[in-house]
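Enquirer:
Numbering (this note's numbering), first residue to last: 18 to 236.
In structure tokens:
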């Protein structure tokens with residue numbers, strides 16, 4: 018069913034056939050697919066010029082949400098603001114994240130699934146602007162995703178990815194899943210060519226952490 022859904026039928030998003038994954042490889046140690054550090058993601062995002070319209074990143078994990086005095090655990094994702102641009106996904110109510118909300122120290126915000134909206138708030142539009150506790154932090158509910166949206170894997174809660182690269186050693190911190198939307202006229206081969214050049218630059222600039230490490234673009 019996964020093969021049918023993802024390969025034969027295509028991803029259930031706008032331009033799903035142009036969405037690709039990016040991982041790191043280090044052949045010298047036999048590593049074919051590694052996660053991506055926040056530093057490499059930011060360098061890729063800044064340096065790529067023509068391969069991608071958007072290059073986004075996330076990591077998934079448990080998100081604790083407290084509604085009043087009642088806490089509950091959900092499967093959630095910490096995402097860059099442009100995650101939804103890659104997918105062509107829009108909030109059914111309210112909005113998704115701004116770039117400012119993903120910066121360290123920004124006020125916390127949260128986007129909820131349609132399921133939570135119906136079960137917890139009865140589908141009321143007054144949910145927007147309400148404040149709940151997310152992982153112990155006061156967060157404003159700013160958006161509700163459409164019914165059925167559960168990217169990347171049955172998630173119910175999305176929060177901004179607010180990692181501070183200055184506070185994390187290079188190649189440290191949580192490893193991210195990176196994905197992008199190929200620019201018009203670009204394919205995996207042309208994207209790979211550009212990303213290989215960026216990988217070579219990083220290997221020269223940061224030999225201790227990036228020596229022998231190459232970006233890999235995957236369907």
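We put the CB at the ideal spot given by N, CA and C, even for glycine.
1) I need the straight-line Cα distance from residue 225 to residue 84, nearest angstrom please.
2) At which residue ranges does the segment 58–132 contain complete beta strand (DSSP E) runs of 3 or more residues, listed in the order of the chain?
3) Please name the residue, chosen from 88, 193 and 136, that lies closest to residue 152 on a Cα-to-Cα basis.
4) Compare the C-beta of residue 102 against all C-beta atoms of chain D and say whether one is closer than 7 angstroms.
5) Please report how far the alpha carbon of residue 184 lies from the alpha carbon of residue 192, in whole angstroms.
6) May I have the straight-line CA-CA distance separating residue 201 from residue 70, to the nearest angstrom?
7) Applying the criterion that 16 or more other CB atoms from any shown protein chain within 10 Å of the CB defines a buried residue, is residue 65 buried or exposed?
8) For residue 45, which three-state DSSP category applies?
9) Based on DSSP bridge pairs, tell me the residues matched to residue 197.
10) Quick check on DSSP: helix, strand or coil for residue 178?
11) Exposed or buried, what is residue 110 when buried is set at 16 or more other beta-carbons lying within 10 Å of its beta-carbon?
12) For the beta strand (DSSP E) containing residue 235, list its first residue and its last residue.
13) Apart from the five residues on each side of it in sequence, which residues of its chain come closer than 7 angstroms, Cβ to Cβ, to residue 22?
14) With three or more C-beta pairs closer than 8 angstroms as the rule, is the segment 125–133 touching the segment 170–185?
15) Inspect the beta-carbon positions of residue 68 and residue 203 and report whether they are closer than 7 angstroms.
16) With a CB to CB cut of under 8 angstroms and the five nearest residues on each side skipped, what residues in its chain are close to residue 46?
17) Using 10 angstroms around the beta-carbon of residue 197, count the other beta-carbons present and answer buried if the total reaches 16, otherwise exposed.
18) Is the CB-CB distance between residue 261 and residue 172 below 7 angstroms?
19) Taking 7 angstroms as the threshold (C-beta atoms), are residue 74 and residue 233 in contact?
20) If you follow the alpha helix (DSSP H) that residue 215 is part of, which residue opens it and which one closes it?
Expert: The relevant details are as follows:
1) 46 angstroms
2) 69–84, 87–96 and 125–129
3) 88
4) Within the model displayed, chain D is absent; a lone protein chain is all it includes.
5) 15 angstroms
6) 8 angstroms
7) buried
8) helix
9) 37 and 72
10) coil
11) buried
12) 231–235
13) Legend: pLDDT at residue 22 = 47, less than 50; position of this residue unreliable, no value from coordinates given.
14) yes
15) yes
16) 229
17) buried
18) There is no way to answer for residue 261, as the model of the chain reaches only from 18 to 236.
19) no
20) 205–222
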